[in-house]
Structures are given as C-alpha cells and as structure tokens.
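*Asks:* After the structure tokens below, expect a handful of questions from me.
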Amino acid sequence: MVRHTATSVVTIERYIIEQEKMHPEATGELSGLLYDLALAAKMIANKVRSAGLADILGATELENVQGELQQKLDVLANEIIIKAVDHG
43 MVRHTATSVV TIERYIIEQE KMHPEATGEL SGLLYDLALA AKMIANKVRS AGLADILGAT
103 ELENVQGELQ QKLDVLANEI IIKAVDHG
C-alpha cells in the first residue's frame with residue numbers, strides 16, 4: 043500500500059490504479075466508470091468557469107420532475123455526464 047504525506051498530490055488516476063492493485067479480482071469496470079466521471083467533472087468545471095461568457099447561466103424553459111425550472115448548467119452537466127459514460 044502506498045502512503046501519502048499531507049503534502050503529496052494524488053491524482054484520481056493514481057488513486058484508482060493503487061486501489062486496482064489491491065483488488066486483483068476486479069474486472070476494471072468500476073475503474074472505467076470512475077475515469078469517465080472524473081473526465082466529465084473536469085469538463086463541467088471548465089464550462090462553469092466560462093459560464094458567464096458562454097451564456098449558460100440561468101434557467102431554461104424546461105421543468106424537472108419536481109416542477110422547477112431546469113438550470114442551463116444542470117442540463118449541460120447532465121449531457122456531459124451522459125456522453126462521458128456512453129461507450130455504445
């Protein structure tokens with residue numbers, strides 16, 4: 043097991059690899075999903091940083107299942123996650 047100090051930087055990729063080594067019976071399916079979600083999170087963070095410039099702030103005209111107006115960033119984040127995990 044790898045020990046990390048308080049000042050060491052551990053990327054999500056490195057952490058997943060370290061955990062995989064501890065579970066040789068694993069198929070890698072969960073690791074793949076975690077990589078996909080990490081990529082989606084990075085893409086969403088990038089969109090959030092430029093949200094004001096890209097006109098993706100505010101509500102859409104669509105309602106969610108609770109009857110609330112969906113926010114543009116919520117819709118965009120959902121689309122990014124779906125595309126990131128869809129390998130079909």
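Position one of the sequence shown corresponds to residue 43 (my numbering), numbered consecutively onward. C-beta: ideal position from N, C-alpha, C; glycine also.
#1: How big is the Cα-Cα spacing for residue 94 and residue 65?
#2: What's the C-alpha gap between residue 120 and residue 49?
#3: Pick out whichever of 80, 69 and 108 has its Cα sitting closest to the Cα of residue 57.
#4: Quick one: what's got a C-beta closer than 8 Å to residue 117's C-beta in the same chain, skipping five residues either side?
#5: What residue from 47, 45 and 122 has the CA that sits closest to residue 87's CA?
#6: Cα-Cα, which of 62, 113, 128 and 53 is closest to residue 97?
#7: Since I believe residue 73 is in contact with residue 60 (beta carbons under 8 Å), could you give me their beta-carbon distance rounded to a whole number of angstroms?
#8: Can you have a look at residue 68 and say buried or exposed, based on whether 16 or more other CB atoms are within 10 angstroms of its CB?
*Replies:* Based on what the coordinates show:
#1: 44 Å
#2: 34 Å
#3: 80
#4: 102 and 104
#5: 122
#6: 113
#7: Not confirmed; about 11 Å, so no contact.
#8: exposed
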